[in-house]
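Below: one structure, written as structure tokens.
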Amino acid sequence: MNYHFNFAPILEQWPLLLSGIGLGLLLALVSIAIGSVLGLVVAFASRAPSPWLRSLAFTWISILRNLPILVIVLFLFFGMPQLGLSLDKITSFVVALSLYASAYMAEVFRGGLLSVPQGLVEAGQAIGLTSLRIKRYIVLPIMFRNALPAFGNNFISLFKDTSLAATIAVPELTFYARKINSETFRVIEVWLVASLLYIVCCYAITLVLRAMEKRLVLEKA
Amino acid sequence: MDWTYFFNEVVNNRDALLHGTAITFAVSLIAILAGTVLGIVIGIAVTYGNKPLRWPARLYIDIIRGTPVLVLVLATFYVSSAVGFNLTAFQAGALALTLFCASHVGEILRGALQSLSRGQIEAGRAIGLTFGGIFRYILFPQALRYALPTWITAAVEMVKASTLLSVIGVAELLLTTQQIISNNFLNMQFYLLAGVIYFLIDFAIEQVGRFIGRRLDQPTRRAV
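If you read the sequences in order, they're chains G and V.
The first sequence runs 565 to 785 under my numbering.
The second sequence runs 1386 to 1609 under my numbering.
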């Protein structure tokens, strides 16, 4: 193997790579925020008294979890304009990722809901709280705390999934990596740098989430 | 919307669609099988290995799991040719998915093995089993029960991740769909069709997994 490493052409593009990773993080943050709100609604629907609502919630989760995210992204970006709904590439990617996230977050929250002890809900009823207040003061805080580790894992997955935005030319890290790859032919270097950036970011997110979990556990004590 | 045109186009392209589906099956199956074998080795190394075995395995899992699959696929494809391995797109893609699957299986197996009590290994040693025997007869059957549901999820993830091979030009179901669309411009209909096929494959895997999971679960349930 006669390969001479030369990182200079990649490091020249450093600002682009950083802006790419920034956009990736932003896309993941927006998507998980929207996905969590949607997922919370679906999670409550999955435990609703109405059987229709329940099966609707499970269908939602099942369909979105079993579809490849790339198919959802392409369907929304290329397919929806045929129905008269043209979104720009960033918006349509955020919609796709949010829908995808909603199914996973619904599962997370559903697990969180199941972990709330029934006795606490009954205690709330016993002191005369309305069902809305029981949710607000008892169920939701316990659920969020239990759901936090799974929430973190999902956020990291979503962040990695933002790389798919490159397929519809959203300028995030993978997009720039491919661009630099074809412009400079520094193949090994560019993919090494891109993977390293992703790994470092994922690791940083893990550290932040771990710190958050620790604070919540302290609060509990 | 002209649905008759769509149905005609589906019938005209049925061979291409079937071929694409077959490629999706093939590449997913290779990745799941090879990835599982490699993943079991890595899982054992990371759980029971001594330091020189454990650290590389740990590093492998963390590096692969920290990288998006698309980057893994692109990197395998471009880097393999740059260093002189002339892999076809299919081979590079299958390799990338195998590496990805192995890291997941390794991590799943580690979690399952660590949930078993140390007393099990000691009991095995006490009756004179080698480590191979302990793993084969004591640890693995129990770990399998814990790991199976997550392993099925990983298998579904592999089928989903196989769509990324369309980016490097493997004519699996998604790229076939895109090629058909470039001829007839039925974007929505054909992406929908691809979605339905992927859903059916993944849903079937999930149901089979549930069925096997219930079967495996029975002895424990009876014992409790």
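For every residue, glycine included, the Cβ atom is placed at its ideal position computed from N, Cα and C.
With 8 Å as the threshold, decide whether the Cβ of residue i is near any Cβ in chain V.
| i | result |
| --- | --- |
| proline 681 of chain G | no |
| tryptophan 755 of chain G | yes |
| isoleucine 654 of chain G | no |
| leucine 505 of chain G | The shown model of chain G, from 565 to 785, leaves out residue 505 of chain G, and the question about it has no answer. |
| asparagine 710 of chain G | no |
| proline 713 of chain G | no |
| valine 606 of chain G | no |
| tyrosine 668 of chain G | no |
| alanine 785 of chain G | Since pLDDT at alanine 785 of chain G reaches only 47, below the 50 mark, its modelled position is unreliable, and the value read off the structure follows with that caveat. Output row for alanine 785 of chain G: interface = no. |
| proline 632 of chain G | yes |
| phenylalanine 657 of chain G | no |
| leucine 582 of chain G | no |
| glycine 648 of chain G | no |
| alanine 758 of chain G | yes |
| isoleucine 706 of chain G | no |
| isoleucine 574 of chain G | no |
| valine 635 of chain G | yes |
So, with DSSP's three-state summary, where would you put residue i?
| i | result |
| --- | --- |
| leucine 649 of chain G | coil |
| aspartate 1387 of chain V | coil |
| isoleucine 1449 of chain V | helix |
| alanine 733 of chain G | coil |
| phenylalanine 571 of chain G | coil |
| glutamate 576 of chain G | coil |
| glutamate 1492 of chain V | helix |
| glycine 1554 of chain V | coil |
| asparagine 1471 of chain V | coil |
| glycine 1513 of chain V | coil |
| asparagine 1435 of chain V | coil |
| leucine 631 of chain G | coil |
| isoleucine 691 of chain G | coil |
| alanine 1608 of chain V | Because alanine 1608 of chain V carries a pLDDT of 46, less than 50, the predicted location of this residue cannot be relied on, and the following value inherits that uncertainty. Alanine 1608 of chain V falls in the helix class under three-state DSSP. |
| leucine 1577 of chain V | helix |
| valine 680 of chain G | coil |
| leucine 1402 of chain V | helix |
| arginine 526 of chain G | The structure shown has nothing for residue 526 of chain G, since chain G only spans 565 to 785. |
| arginine 674 of chain G | helix |
| serine 619 of chain G | helix |
| phenylalanine 715 of chain G | helix |
Check whether chain G comes within 8 Å of residue i, counting only Cβ atoms and requiring the distance to be less than that.
| i | result |
| --- | --- |
| methionine 1573 of chain V | yes |
| glycine 1580 of chain V | yes |
| valine 1395 of chain V | no |
| arginine 1410 of chain V | Residue identity differs from the one stated: residue 1410 of chain V is phenylalanine in this sequence, not arginine. It does not; no Cβ of chain G falls within 8 Å. |
| tyrosine 1531 of chain V | no |
| tyrosine 1390 of chain V | no |
| aspartate 1400 of chain V | no |
Classify residue i: buried if its beta carbon has 16 or more other beta carbons within 10 angstroms, exposed otherwise.
| i | result |
| --- | --- |
| methionine 508 of chain G | This structure gives no information on residue 508 of chain G, because the portion of chain G shown stretches from 565 to 785. |
| isoleucine 1512 of chain V | exposed |
| glycine 683 of chain G | exposed |
| proline 1453 of chain V | buried |
| alanine 609 of chain G | buried |
| isoleucine 1597 of chain V | exposed |
| lysine 1545 of chain V | buried |
| asparagine 710 of chain G | buried |
| asparagine 745 of chain G | buried |
| methionine 1573 of chain V | buried |
| asparagine 1568 of chain V | exposed |
| methionine 558 of chain G | Examination of residue 558 of chain G is not possible in this model, given that chain G is present from 565 through 785 alone. |
| phenylalanine 569 of chain G | exposed |
Please confirm if the region 1579-1589 of chain V is in contact with the region 627-641 of chain G, defined as three or more CB-CB distances below 8 Å between the two stretches. yes
Okay, do the region 634-643 of chain G and the region 728-741 of chain G touch, 3+ Cβ pairs below 8 Å being the bar? yes
At least three beta-carbon pairs within less than 8 Å, the region 1478-1487 of chain V to the region 1415-1424 of chain V: yes
Output, in sequence order along the chain, the residues in the region 716-746 of chain G whose CB is closer than 9 Å to any CB in chain V. Ile720, Phe723, Lys724, Asp725, Thr726, Ser727, Leu728, Ala730, Thr731, Leu737, Thr738, Ala741, Arg742 and Asn745
For the region 617-628 of chain G, enumerate the residues whose C-beta is nearer than 9 Å to any C-beta of chain V, in chain order. Ser626 and Ile627
If contact is defined by three or more beta carbon pairs under 8 Å, each pair taking one atom from either stretch, is the region 1467-1480 of chain V in contact with the region 1521-1533 of chain V? no
According to a CB-to-CB cut-off of less than 7 Å, which residues of the region 1444-1477 of chain V neighbour chain G? Ile1448, Gly1451, Thr1452, Pro1453, Leu1455, Val1456, Leu1459, Ala1460, Tyr1463, Val1464, Ala1467, Val1468 and Gly1469
Taking three-plus beta-carbon pairs below 8 Å as touching, is the region 661-679 of chain G in contact with the region 711-722 of chain G? yes
Can you find at least 3 beta carbon pairs, one from the region 1543-1557 of chain V and one from the region 1399-1415 of chain V, that sit closer than 8 Å? yes
Could you check whether the region 1573-1582 of chain V touches the region 1425-1444 of chain V, counting it as contact only if at least three pairs of C-beta atoms, one from each stretch, sit closer than 8 Å? no
The region 1507-1529 of chain V: which residues have C-beta closer than 8 Å to a C-beta of chain G, in chain order? Going along the region 1507-1529 of chain V in chain order, one finds no residue with a Cβ nearer than 8 Å to chain G.
Count the CB pairs spanning the region 758-775 of chain G and the region 1439-1455 of chain V that are closer than 8 Å, and state whether there are at least three. yes
Kindly confirm or deny that the region 1531-1542 of chain V and the region 1492-1511 of chain V touch, where touching means at least three C-beta pairs closer than 8 Å. yes
Between the region 585-599 of chain G and chain V, which residues of the former have CB atoms less than 8 Å from a CB of the latter, in chain order? none
State whether the region 571-583 of chain G contacts the region 731-751 of chain G, with contact taken as three or more CB pairs (one from each stretch) at a distance under 8 Å. yes
Could you list the residues in the region 1533-1559 of chain V with a C-beta less than 7 Å from some C-beta on chain G, going in chain order? From the region 1533-1559 of chain V, only Val1541, Lys1545, Thr1548, Leu1549, Val1552 and Leu1559 have a Cβ closer than 7 Å to chain G.
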